[in-house]
Amino acid sequence: MVVRVAPITAADVPSVAEFLHGNLNSRLSAATWARSLRPPWPVQAPNHGFMLVDDAKDAAVVGAYLAFYADRMIDGEQRALCNLGGWSVLPEYRFHSVRLLKALLAQDGYDFTDLSPSGTVVPINTRLHFEFLDTTLALVPNLPWPSLPGRCRVSADPGVIERTLTGADLRHYRDHVDAAAARHVVIRYGGRWCYVVFRRDRPKNLPLFASIVYASDPAVLRRGFRQLSRHLLLRQGLPATLVELRVADHRPAPSILLGSPRRKMFRSAHLKPEQIDYLYSELVCVPF
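Written out as structure tokens, the structure is:
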């Protein structure tokens, strides 16, 4: 067995996508995996992650650890981020799994996030000095609240979103408009707005949920949450919304807090938890 670690290049994406379809999540086609591995935003990424290759089996892909890179301006400082994505290794090669993680973390100059670590990955990350983000999670039933004229207005129309957003919000929208897992809504209240990015998730065979990934103005989100909830139910067909309190900056009512939300982690010598959001990551790229 001759197993080597190699960066996932553009030429490797099809074979890695086939591997992930067969071994990580078969609900996603190989074509969907391939699209997900290619983020739509502009970035000079060194790779798409790292893979394990068995040269004794005609250079077959036997493991992969995905990465999503972005250059972000955070509080006036340019930061290079690396978001760790899906990690899958064939059982007979599990001994080599950690080599993939070490290859990713050996890249200098990056702040690292892991926004969907499995239960077995969390203790590994902890030993490697990752810290936890507060992922306190509220489940909000989407109800057909009355629409009050002259109050908050909610739209998923691309033209309305383009005309409303400016500055960083408009740049974020354009960077994510073609991301495979991202859905986009704008809440307008007076002369203010909140740009909302959400996913369509199906946790543990439950009905589809909206999972809010990003909200640009939590104060407007608070004012318009019921109208957003109405929109998600009536226009998107989603019966409930999942939102972390750190994203919403409040607990919507009515809601219940879930007991065991999935952990999210980061490793950085420079960034604080409140400076980290979930844009430019696996969460907007992979519709798992």
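Residue numbers (this note's numbering): 73 to 360.
Using N, Cα and C, we set each Cβ at its ideal position, and we do this for glycine too.
Identity of the residue in the options nearest residue i by Cα
i              : options                           : result
asparagine 155 : Asp143, Ala103, Asp289 and Cys266 : Asp143
asparagine 214 : Ala325, Leu100, Cys357 and Ala102 : Ala325
arginine 264   : Arg271, Asp273 and Arg294         : Arg294
valine 292     : His303, Arg223 and Asp130         : Arg223
serine 169     : Phe204, Val133 and Leu330         : Val133
glutamate 203  : Ala341, His244 and Tyr350         : Ala341
isoleucine 348 : Ala131, Arg107, Phe184 and Val74  : Phe184
proline 175    : Ala103, Ser227 and Tyr137         : The sequence shown places alanine at residue 175, rather than the proline named in the question. It is Tyr137.
tryptophan 105 : Phe91, Pro112 and Pro114          : Phe91
glycine 262    : Pro290, Arg225, Arg255 and Arg246 : Arg225
leucine 351    : Arg307, Thr313, Arg274 and Arg243 : Arg243
serine 160     : Val193, Asp147 and Arg151         : Val193
alanine 102    : Pro111, Pro112 and Val88          : Val88
aspartate 241  : Asp250, Leu220, Tyr165 and Ser288 : Ser288
arginine 107   : Arg302, Met145, Tyr165 and Ala251 : Ala251
Beta-bridge pairing of residue i - partner residues as DSSP gives them
i              : result
histidine 256  : Val269
aspartate 30   : Coverage of the chain is limited to positions 73 through 360, which leaves residue 30 absent and any answer about it impossible.
leucine 329    : Ala210
tryptophan 113 : BP columns for tryptophan 113 are empty, so no partner.
aspartate 183  : Leu153
tyrosine 141   : Cys154
glycine 121    : Leu138
Cβ-Cβ distance between residue i and residue j below 8 Å
i             : j             : result
valine 85     : valine 212    : no
threonine 236 : valine 258    : yes
aspartate 229 : proline 345   : no
histidine 248 : valine 268    : no
glycine 135   : leucine 172   : yes
leucine 355   : leucine 187   : yes
valine 358    : alanine 253   : yes
alanine 60    : tyrosine 141  : The requested residue 60 does not occur in the structure, where the chain is confined to residues 73 to 360.
leucine 305   : proline 216   : yes
leucine 330   : leucine 209   : yes
valine 74     : aspartate 126 : yes
aspartate 272 : arginine 255  : It is worth fixing the name first, because residue 272 is arginine in this sequence and not aspartate. Yes, Cβ-Cβ distance for arginine 272 and arginine 255 is below 8 Å.
Validate contact between the region 278-296 and the region 317-331 using beta carbons, cut 8 Å, 3 pairs: Yes, the region 278-296 touches the region 317-331.
At 3 residues or longer, what runs of the beta strand (DSSP E) sit wholly inside the region 197-227? 209-213 and 225-227
How do the region 119-126 and the region 76-90 stand: do at least 3 beta-carbon pairs fall below 8 Å, yes or no? Yes, the region 119-126 touches the region 76-90.
Is the number of C-beta pairs between the region 284-303 and the region 330-348 that are closer than 8 Å three or more? Fewer than three pairs of CB atoms, one per stretch, sit closer than 8 Å, so the region 284-303 makes no contact with the region 330-348.
Ignoring anything shorter than 3 residues or poking outside the region 283-354, list the beta strand (DSSP E) runs there in chain order. Given a length threshold of 3 residues, each whole run of the beta strand (DSSP E) inside the region 283-354 is given here in chain order: 312-316 and 337-339.
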